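So the numbering used here is basically just the index in the sequence shown, starting at one, shifted up by 1.
For every residue, glycine included, the Cβ atom is placed at its ideal position computed from N, Cα and C.
Since the model is a prediction, treat every value here as computed from it, not as a measurement.
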Amino acid sequence: MSLLVVGSVAFDAIETPFGKTDKIVGGAASYIALCSSYFTKSVNLVAVVGDDFPNEFVNHLNTNGVNTEGLQVKAGEKSFFWSGKYHNDMNSRDTITTELNVLADFDPIIPASYQNCEYLMLGNLTPKIQQTVIERLTNRPKLIVMDTMNFWMEIAMNDLLATIKMVDVLTINDEEARQLSGEYSLVKAAAKIQAMGPKYLIIKKGEHGALLFHGKEMFYAPALPLEEVFDPTGAGDTFAGGFIGYLAKTGDISFENMKNAVIYGSAMASFCVERFGTERLVNLTETELNNRIAEFKKLSAFNV
Ligand code: AMP
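This is the structure in C-alpha cells:
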C-alpha cells in the first residue's frame, strides 16, 4: 500500500540536559520516512534540501526502501535549519532558530510514479505547501494524516485552518491543541478541532503518551517509561511514521486498528528518544520492535 511522505528534511542543532549536538540530520520527513520504512517498502518522499545535505542519509533511506525521486536538491542553497533547547523536564523546549532556507519557496513537485498513493502523511511544513500537495494528487488518498506545530499557528493560522479542513487525521501536541482550540480541557479541545475538519485527532503528550479521538470515542496509549531520555527531538514525527506505516502495512483504517497504530507509533517514539537525532532509528531490528510492543502490552494490561 503506497505511502507518500512530505515534510521538512533538515539540519538540527539540539541541546538537552544531557548534551549538545552540532548540525545533525533532522526534519519531520526524515524521521517519518525512516520509521514508516520499517512497516512498508512503498514509501515515497517529497521534500527539498540544499546541496549541503549529506548523501549518506539519502542513501540510507534508499537502502531502507524509501523512494527519493521526489527529493529536490537545490544547488548553491542551504537546507532548512532548526535549533532547539530542552528544559530539564525534557517535555518542553524552546525553539532557538528556524531558518527556512530552501523551504521558503519550496514547490512540491509530485513525480508521476507517486500518483495514486493510498496514504498521505503531511509532516510538519508550511501549511500552504501541505495544501498544494493534496491539490496536486489526481486521486484523493484513502487517508490523509497531517502534523503541524505552534510555529505555523503563529505565522500562518488562516492557511493552517484551510489545510486542516482537508485532512482525515491531525496530530498535534497538547499545548498546540490548546492554542488551536482556545480550550484548556483536551476533551473540549478535541471536539472543537474535530469540528474544524479532521474526523480523527491525535494529541501527543510527550512522556505522558498520546490520546486518539474520534467523535465521542477516545483511546489512550501510554509512553513507555524509560530510565533515560536523551533527546525527544523527532519523537512526534517518529510517532507519525510508526502510526501511518502500520496503517499502510495493514490496510485497515478503522478506529480499532488506529488504536494499534497509536501503540506502534508510541513504540517507535520510545526508541527515538534514547539517542540524539535519528541515531537510534537507523538500524532497528524487528525483534527489538516486537519486544517493545510486548512491553507496551504488559504496561497497561490488567484483569478486572
Ligand atoms: P518533533 O520533535 O517531532 O516536534 O520534530 C522535530 C523536527 O521538526 C526537527 O527535526 C525539525 O527539523 C523539524 N521542524 C522544526 N520546526 C519546523 C518547522 N517550522 N517546519 C518544519 N519542520 C520543522
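Quick one: measure Cβ to Cβ for residue i and residue j, integer angstroms, because I've assumed they're closer than 8 Å.
i      : j      : result
Val47  : Leu104 : Between Leu104 and Val47 the Cβ distance is about 13 Å, and since that is not below 8 Å, they are no contact.
Gly210 : Tyr221 : 6 Å
Gly124 : Ser80  : With a Cβ gap of about 15 Å, Gly124 and Ser80 do not count as contacting.
Ala29  : Val67  : Rounded, the Cβ-Cβ distance is 14 Å, inconsistent with contact.
Val49  : Gln131 : The Cβ separation is near 14 Å, so there is no contact.
Ala249 : Thr41  : 5 Å
Leu144 : Val170 : 7 Å
Phe272 : Leu285 : 6 Å
Leu225 : Phe297 : 6 Å
Tyr120 : Pro142 : 6 Å
For residue i, does the count of other Cβ atoms within 10 angstroms reach 16, so buried, or fall short, so exposed?
i      : result
Ala270 : buried
Met219 : exposed
Gly242 : buried
Glu177 : buried
Ile156 : exposed
Gly266 : buried
Ile97  : exposed
Tyr39  : buried
Leu300 : exposed
Gly252 : exposed
Nearer than 7 Å: is that true of the beta carbon of residue i relative to any heavy atom of the ligand AMP?
i      : result
Lys249 : In the sequence as displayed, the identity of residue 249 is Ala instead of Lys. No, since every heavy atom of the ligand AMP falls outside the 7 Å radius drawn around the Cβ of Ala249.
Asp106 : no
Asn151 : no
Ser38  : no
Ala14  : no
Leu126 : yes
Gly51  : no
Gly28  : yes
Asp175 : no
Thr99  : yes
Asp238 : yes
Ser9   : yes
Pro233 : yes
Quick check: residue i and residue j, are their CB atoms within less than 8 Å of each other?
i      : j      : result
Ile245 : Ala268 : no
Asn45  : Ser9   : no
Gly27  : Trp83  : yes
Ala236 : Phe214 : no
Phe240 : Ile25  : no
Phe152 : Thr99  : yes
Leu161 : Ile173 : no
Thr17  : Tyr87  : yes
Val146 : Met122 : yes
Leu227 : Val283 : no
Gly238 : Asp148 : The question names Gly, yet the displayed sequence has Asp at residue 238. Cβ atoms of Asp238 and Asp148: closer than 8 Å.
Ser31  : Thr279 : yes
Met259 : Tyr201 : yes
Sufficient close CB pairs (3 or more, under 8 Å) joining the region 194-205 to the region 227-234: no
Using 8 Å as the cut-off, can you tell me whether the region 110-120 makes contact with the region 135-145, which would need three or more C-beta pairs spanning the two stretches below that distance? yes
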